[in-house]
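*Asks:* Handing you a structure now.
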Amino acid sequence: MADFDFGEGLRKVFLAGVGALATTVEKGQEIVDDLVKKGELTVEQGKALNTELKRKAEEVKEEHEAKADQAE
């Protein structure tokens with residue numbers, strides 16, 4: 380059976396998750412910006428949603444970092 384470095388595997392999964400999260404936040408911001416352009420949201424509502432997206436993404440990232448640290 381081949382040796383598997385669990386730490387390296389976990390690191391790769393974590394980095395993939397961070398990349399997916401960043402992509403999701405970016406796409407979410409694009410959607411919010413489009414809604415503002417279409418007039419379906421005010422500029423202030425768009426700013427508030429983008430701020431909330433960033434805050435939530437940071438929360439999720441920190442939770443995953445903590446879990447990764449515990450797994451080591």
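To convert, note that position 7 of the sequence shown is 386 in the working numbering; the numbers rise steadily by one, no gaps. Ideal Cβ placement from N, Cα and C applies to all residues, glycine included. From a predicted model like this one, the values you see are computed outputs, not experimental measurements.
#1: So, with DSSP's three-state summary, where would you put T421?
#2: If I measure Cβ to Cβ from L428 and keep anything under 6 angstroms in the same chain, skipping five residues before and after, which residues do I get?
#3: Let me confirm a value: M380 is counted as buried when at least 16 other C-beta atoms fall within 10 Å, else exposed. Which label applies?
#4: Of the residues G388, G396, Q408, which one's Cα is nearest the Cα of H443?
*Replies:* Based on what the coordinates show:
#1: Taking the sequence shown and counting its residues from 1, one reaches residue 421 at position 42. DSSP places T421 in coil when its eight states are reduced to three.
#2: For this step, residue 428 is matched to residue 49 along the sequence shown. If we look at L428 and ignore the five residues flanking it on each side, its Cβ neighbours are V411.
#3: Residue mapping note: residue 380 aligns to position 1 of the sequence shown, counting from 1. With a pLDDT of 45 at M380, under the threshold of 50, the modelled position of this residue cannot be trusted, and the question is left open.
#4: As a first step, residue 443 must be located in the sequence shown, where it is residue number 64. It is G396.
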